[in-house]
Structures are given as structure tokens and as C-alpha cells.
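Chains as they are written, first to last, in the working numbering: chain V, 189 to 453; chain W, 31 to 348. Glycine included, C-beta positions come from ideal geometry on N, C-alpha and C. Only a predicted model underlies this, so the values are computations on that prediction, with no experimental measurement involved. Notes to accompany the following structure.
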């Protein structure tokens with residue numbers, strides 16, 4: 189009996205956990221006047237979704253978020269894998285110090301350095317620009333750490349073979365290590381994309397220009413403008429959340445793998 | 031090239047002369063390559079993490095006006111904190127938040143991890159369902175819960191109406207807002223913590239549990255004396271991580287910013303939100319920098335204490 193009780197409990201709790209999300213999803217396809225009604229609505233409609241996509245600059249917000257998240261993900265993976273390769277495979281003076289220096293920045297979170305980071309970004313002339321949204325978001329020790337752990341486990345022989353073939357360090361990195369690290373790069377790209385698509389605090393701090401607004405800023409702004417038009421606010425929120433859910437479902441296994449490695453090894 | 035053309039009569043001389051030289055250049059070439067590989071990330075981390083950290087300490091001694099003019103004021107920013115009641119209130123709010131959020135989130139996540147540990151029909155869906163709230167952004171989470179918690183008309187009020195709680199304003203009552211924020215935060219992070227704990231549970235050898243069961247250990251005893259001790263490193267990691275997240279993580283900013291803007295009556299004004307307001311609403315950049323250094327100090331102290339109490343969390347068995 190017990191063996192059947194716990195799975196049922198798990199299913200019930202899981203349903204409760206996603207209930208708020210499902211409820212919002214339902215509310216979005218109800219007519220505006222039914223958004224708070226508990227009963228089954230008389231009709232279903234896509235008006236809310238259509239309205240926010242056509243009447244709000246939502247497509248612009250989505251485009252901005254896509255540009256920023258994809259750019260940060262690609263550049264960060266490139267830089268981090270290079271750094272990780274050096275840390276895992278090459279011998280050079282100061283390796284231990286550099287590695288622990290990088291690791292020590294793991295504790296630093298954005299809210300902690302927000303004010304001075306803003307001052308630095310201002311000095312570099314990054315305020316109100318795509319560069320300002322992208323560049324400071326690239327550098328994070330987590331990716332370097334994870335990739336380094338992965339590279340430590342790639343057999344050295346593969347690289348030695350390339351070495352004997354006369355490949356330089358760049359070729360060994362580019363033609364041997366990078367292709368072998370596809371799984372971990374895929375995991376990290378899911379993580380990085382999600383984190384940057386969902387970013388709010390840094391875009392809020394670095395941009396004033398409405399044309400540069402990312403989607404999270406955009407939808408939080410709607411809440412102020414359309415205080416009681418919940419059908420529209422939720423529609424925008426659902427659209428903002430769709431890419432994250434799609435990426436999650438598509439990259440679920442990879443995401444879980446990366447999460448599991450988070451500081452456990 | 032030179033070795034192939036070398037006369038066979040003097041191979042030993044050639045080799046002793048060539049090998050050290052080749053070794054030197056190879057070593058140097060390797061080091062140069064390494065620095066080149068590291069350069070982009072190192073420069074970036076320096077400019078956008080290390081320099082800001084140091085800068086916070088420096089700017090804390092200045093008064094910075096809206097036009098970016100710096101004026102040295104010594105310790106004035108720190109002295110100001112003594113009489114800043116809102117700062118002390120926000121520190122207290124953050125402390126209450128941490129002390130309630132961290133244990134609740136940990137216990138629930140551990141429970142969920144135990145629940146979805148062994149295979150059953152539909153386990154993939156169940157695990158994803160718990161994790162799904164963590165996938166959507168904190169802004170979306172904030173908006174969703176604002177909608178669900180709209181006074182009287184919201185879904186939560188309607189669900190609670192039969193219990194006579196239909197009129198409760200969860201986000202509008204100062205004494206309830208912080209608790210509501212804790213519950214929503216737990217909902218947001220439980221799936222993530224569950225996954226990390228689940229990974230730890232995978233490393234608990236099944237044979238140990240089976241052996242305990244054969245010896246007549248009850249389910250609770252198997253948990254208490256087999257699983258729990260082996261889960262200590264993972265648990266430590268989760269608790270430290272979750273504490274840092276609760277003090278300075280994005281959940282301490284994004285969520286309250288969207289949900290309540292720190293209200294009502296500043297009941298949910300966390301420290302990071304307060305620092306943000308000081309810097310960007312009131313333009314007190316110098317004061318905000320000083321506050322940043324204090325929060326970092328508190329955080330380092332807390333983490334240090336946790337390490338001390340748990341004997342380093344036993345990350346390695348040496």
C-alpha cells in the first residue's frame with residue numbers, strides 16, 4: 189500500500205506546484221471580462237495574445253532579449269571554453285593562483301556589485317547600448333569551472349595524437365577539445381540562455397532607452413501602465429515565458445545534468 | 031629539419047644541445063598559449079567583477095552627485111548608517127526572510143527529492159513539474175502571483191473564501207506580505223534544490239540502505255542513520271547557496287521589485303532593494319557603495335560561521 193501511496197502523493201503535489209502556471213495559461217485565453225471568473229468561460233479567445241503582440245512593442249522586447257541572450261551565450265561559451273582548456277590542460281606559471289582567483293568570484297552576485305558595476309559600465313560608455321546589456325553579462329566563473337571539470341576528464345591521449353600530428357595549441361583546442369565538449373556546451377547554453385532571457389536587474393540598471401528594453405523589463409513596465417488589465421499583462425507574461433519553457437523542455441536532460449554538477453564534484 | 035640533415039657522426043652533441051632548447055621554447059610556448067587562451071575571460075572578470083568589488087570599497091568614502099562629481103567625505107557614509115532607520119529595518123527584514131526561507135525551502139526540497147527518488151510511473155513529469163516554476167523568470171513569477179493574489183477577486187482569495195479568509199489581503203497587509211514573499215520564493219526554488227539534492231541521493235549506495243533494512247532498521251532509521259549523514263556535503267552546499275541567494279541573490283531583488291516594490295509600509299524592503307533605491311532612486315551612489323561593503327561583510331561572516339559550525343561542510347574527506 190505504501191509503495192502506491194507515495195507516487196500518488198507525488199503526482200498530486202506536482203499538480204499543485206504547476207497549478208498557478210496552468211491557471212494563468214487558462215486565464216490568458218479567456219475573454220477579458222472573465223479573467224477573474226472561476227467557472228468555465230463561455231468562449232475561448234486569442235484576443236489577449238494578439239492584442240499584446242500587435243498593440244504593444246512586445247516583438248521589439250522579444251527581439252532585444254533574443255539578441256542579448258544569444259550573444260551572451262555564444263561569446264561566454266567561447267571565452268569560457270578557452271579559459272577552461274588552459275586551466276585544465278596547459279602548464280604555466282601562476283595557474284593555481286589564477287584558478288583560485290577565478291573561483292573566488294563565484295560568491296559575487298549581481299546585486300552585490302550592482303552599484304560599482306554600473307559606475308564601471310558608465311566609464312566604458314556602455315550605458316544604454318546593446319554592448320552594455322551584453323558585455324558585463326558574459327563573465328562568470330561558473331561556466332569556466334564546469335568546463336574545466338569536464339576537460340579534466342577527457343583522455344589526454346586524444347590530444348597527444350593531435351600534438352604528434354603537429355597541431356598547435358589552437359588546433360588542439362579547436363579541433364579536438366571543442367568537438368568533444370559538445371554535451372557540456374549544450375548543457376551550459378541552456379543554462380546561460382535561460383539566465384539571460386530571464387535577466388531583469390542589470391537591464392533595468394543599464395538601460396533607459398525604451399527601444400533597448402528587454403522582455404522582462406517590458407512586461408514589468410506593463411504592470412505599471414495597465415494596472416488592472418490583467419488579461420493583457422498575463423498575456424505578455426505568458427509570451428515572455430514561452431521561450432524559457434520551450435528551451436527547458438527541449439534541453440531538460442542537459443539542464444538537469446548541468447544542475448547536478450553544480451558544485452557537487 | 032636540422033636533425034635529418036645532421037651528420038650521423040655527432041648525434042649525441044646535437045641532441046644535448048637541441049633538447050634543452052626545444053624544451054624551453056616548448057614550455058614558454060605553452061605558457062604563452064595558456065595566457066592567450068585565458069586573456070579574454072581574465073580581462074572581463076577583472077573589469078566587471080574584481081574592479082567593481084574594489085571600487086565599492088573606494089567609492090564608499092565619497093559623496094557622488096547626480097552629475098558624477100566625487101567629493102571625499104571620509105567615513106561619513108558609514109556614520110550615516112547609524113541613524114538610518116530604514117537600513118536597520120531592511121536588515122531585519124532580510125534576516126527574517128533568510129531565517130524562514132532557508133529552512134522551509136530546504137525541508138520541502140529534501141522531502142520532494144525523497145519523494146521522486148525511486149522510479150514510478152510518470153516520474154519524469156513529476157520532476158519537471160516541480161522544476162517548472164524555476165524556469166520562468168522572477169518577473170513572470172511576480173506577475174503571476176500578483177494576479178493570483180489580487181484582493182477578493184484573485185484565485186487564492188476565492189479558494190480561501192469557504193474558510194472565511196476570502197477578505198485577506200496577502201500582499202497588502204504589512205504583517206502578511208513578507209510571509210507571502212517567503213512562500214512564493216520557496217515555490218520558485220524548491221525544484222532546483224530538489225534536483226541538486228537528488229543528485230546527492232544518487233551517490234548514496236543502495237547496498238548500505240539494504241543492509242540497514244536487513245538489520246531491521248525502520249524507514250526513519252534508514253533515513254536518519256544512512257541517508258542523512260551521507261547527504262551532509264550536498265545539504266551544506268544547498269543551505270549555503272540558498273542563504274547567499276536569499277541575502278544577495280536575484281530573488282531578493284527581482285521578486286520583491288515586481289511583487290510589492292518593497293511595500294506595503296516597507297514590510298518587504300530587502301537590503302538589496304534598499305541599496306538599489308539609494309543608488310538609483312535617490313542618487314546616493316557613495317552611500318549605496320558603503321552599504322554594499324557592509325552586506326558583503328555580513329555575507330562573508332555568515333558563510334564563515336556556517337563553515338565553522340559544520341566543520342567545513344566536509345566537501346572533501348581528507
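Inside the segment 274-306 of chain V only - alpha helix (DSSP H) runs reaching at least 4 residues: Qualifying alpha helix (DSSP H) stretches, in chain order: 283-292.
Flag this pair as yes or no: are the beta carbons of residue 346/V and residue 364/V separated by less than 8 Å? Yes, Cβ-Cβ distance for residue 346/V and residue 364/V is below 8 Å.
To which residues of the same chain is residue 380/V closer than 8 Å at the C-beta, ignoring the five residues directly before and after it? Apart from the 5 residues on each side of it in sequence, residue 380/V sits with its Cβ closer than 8 Å to the Cβ of 257, 260, 261, 264, 265 and 331 in its chain, given in chain order.
Spatial neighbours of residue 246/V in its chain, beta-carbon cut-off 7 Å, leaving aside the 5 residues before and after: Answer for residue 246/V: 240, 406, 424 and 427, listed in chain order.
Of the residues that make up the segment 425-437 of chain V, which ones have a beta carbon closer than 7 Å to any beta carbon in chain W? Against chain W - using a Cβ distance shorter than 7 Å - the residues of the segment 425-437 of chain V are 425, 428, 429, 432, 433 and 436.
Kindly indicate which three-state DSSP category residue 51/W falls into: helix, strand or coil? The predicted position of residue 51/W is uncertain, since its pLDDT is 47 and thus under 50; a value taken from the coordinates is nonetheless stated next. In the structure shown, the three-state DSSP call for residue 51/W is helix.
Give me the chain V residues within the contact set of residue 71/W, using Cβ-Cβ distance strictly less than 8 Å, ordered along the chain. Residues of chain V passing the Cβ test: 267, 268, 270, 271, 290, 327 and 332.
With 8 Å as the threshold, decide whether the Cβ of residue 152/W is near any Cβ in chain V. Closer than 8 Å: yes.
In the structure shown, what three-state DSSP assignment does residue 93/W receive? In this structure, residue 93/W counts as strand in the three-state DSSP scheme.
Would you mind telling me which residues of chain V sit closer than 8 Å to residue 279/W, beta carbon to beta carbon, in chain order? Those within 8 Å of residue 279/W in chain V are 297 and 299.
Which residues in chain V sit within 7 Å of residue 181/W, going by Cβ to Cβ distance? Contact of residue 181/W with chain V by beta-carbon distance below 7 Å is absent, the smallest such distance being about 11 Å.
Going by other Cβ atoms of all chains shown within 10 Å of its Cβ, with 16 needed for buried, is residue 71/W buried or exposed? In the assembly as shown, residue 71/W is a buried residue. Its beta-carbon has 16 or more other beta-carbons within 10 Å.
Amino acids of chain V, ordered along the chain, whose beta-carbon sits closer than 7 Å to that of residue 311/W: The premise fails here: residue 311/W is roughly 12 Å from chain V at the closest Cβ pair, so nothing lies under 7 Å.
Can you confirm whether residue 202/V, when its beta carbon is compared against all beta carbons of chain W, has any partner nearer than 8 Å? Output row for residue 202/V: interface = yes.
In chain order, which continuous runs of the beta strand (DSSP E) of length 3 or greater are located wholly inside the segment 78-152 of chain W? Qualifying beta strand (DSSP E) stretches, in chain order: 92-94 and 100-102.
Going by DSSP, what residue range makes up the alpha helix (DSSP H) through residue 315/V? First-last for residue 315/V: undefined, no H or E at that position.
Looking only at C-alpha atoms, which of 110/W, 124/W, 116/W and 140/W sits nearest to residue 283/W? With respect to the C-alpha of residue 283/W, the residue from 110/W, 124/W, 116/W and 140/W having the closest C-alpha is 124/W.
From the beta carbon of residue 236/W, is the nearest beta carbon of chain V less than 8 Å away? Answer no: the Cβ-Cβ gap between residue 236/W and chain V never drops below 8 Å.
Can you name, in chain order, every residue of its own chain whose Cβ lies under 6 Å from the Cβ of residue 51/W, other than the five neighbours on each side? Residue confidence for residue 51/W is low, a pLDDT of 47 falling below 50, so the modelled location carries little weight and cannot support an answer.
Return helix, strand or coil for residue 261/W, following the three-state DSSP convention. Coil, per DSSP.
Of all Cβ atoms in chain V, is any one closer than 8 Å to the Cβ of residue 124/W? Among the CB atoms of chain V, none fall inside 8 Å of the CB of residue 124/W.
Whole angstroms are fine: how far does the CA of residue 287/W sit from the CA of residue 303/W? Going by the C-alpha atoms only, they are around 7 Å apart.
Where the alpha helix (DSSP H) containing residue 335/W begins and where it ends: For residue 335/W, the uninterrupted alpha helix (DSSP H) run begins and ends at 315-339, by DSSP.
I want to verify the contact list: residues of chain V whose CB lies under 9 Å from the CB of residue 83/W, in sequence order. Using a Cβ-Cβ cut-off of 9 Å, residue 83/W is close to 293, 296, 300, 301 and 304 of chain V, given in chain order.
Taking the alpha-carbon positions, what's the residue 57/W to residue 64/W distance? Each residue's Cα considered, the two are about 11 Å apart.
With H, G and I counted as helix, E and B as strand and the rest as coil, what does DSSP make of residue 385/V? Look at residue 385/V here: in three-state DSSP terms it is helix.
Can you confirm whether residue 104/W, when its beta carbon is compared against all beta carbons of chain V, has any partner nearer than 8 Å? Any Cβ of chain V closer than 8 Å to the Cβ of residue 104/W would place that residue at the interface, and such an atom is absent.
Taking just the CA atoms, how far does residue 274/W sit from residue 129/W? Put simply, the backbone Cα of residue 129/W is about 12 Å away from that of residue 274/W.
Does the segment 104-114 of chain W come within contact of the segment 70-88 of chain W, defined as at least 3 CB pairs closer than 8 Å? Because the criterion of three Cβ pairs below 8 Å is not met, the segment 104-114 of chain W and the segment 70-88 of chain W do not touch.
For residue 60/W, which residues in chain V fall below 9 Å Cβ to Cβ? Below the 9 Å Cβ cutoff, chain V contributes 278, 279, 280 and 357 as neighbours of residue 60/W, in chain order.
Check residue 199/V in the structure and name its three-state DSSP category. The answer is helix: DSSP assigns residue 199/V an H, G or I state.
For residue 286/V, decide whether its Cβ has a neighbour in chain W, counting only Cβ atoms nearer than 8 Å. Chain W, which has a Cβ nearer than 8 Å to the Cβ of residue 286/V, makes this yes.
Does the distance from the CB of residue 202/W to the CB of residue 181/W come in under 8 Å? Cβ atoms of residue 202/W and residue 181/W: closer than 8 Å.
Are residue 226/V and residue 401/V touching if we call contact CB-CB under 8 Å? Going by C-beta atoms, residue 226/V is not nearer than 8 Å to residue 401/V.
Run down chain V in chain order and give the residues with a C-beta less than 8 Å from the C-beta of residue 282/W. Chain V residues near residue 282/W: 299.
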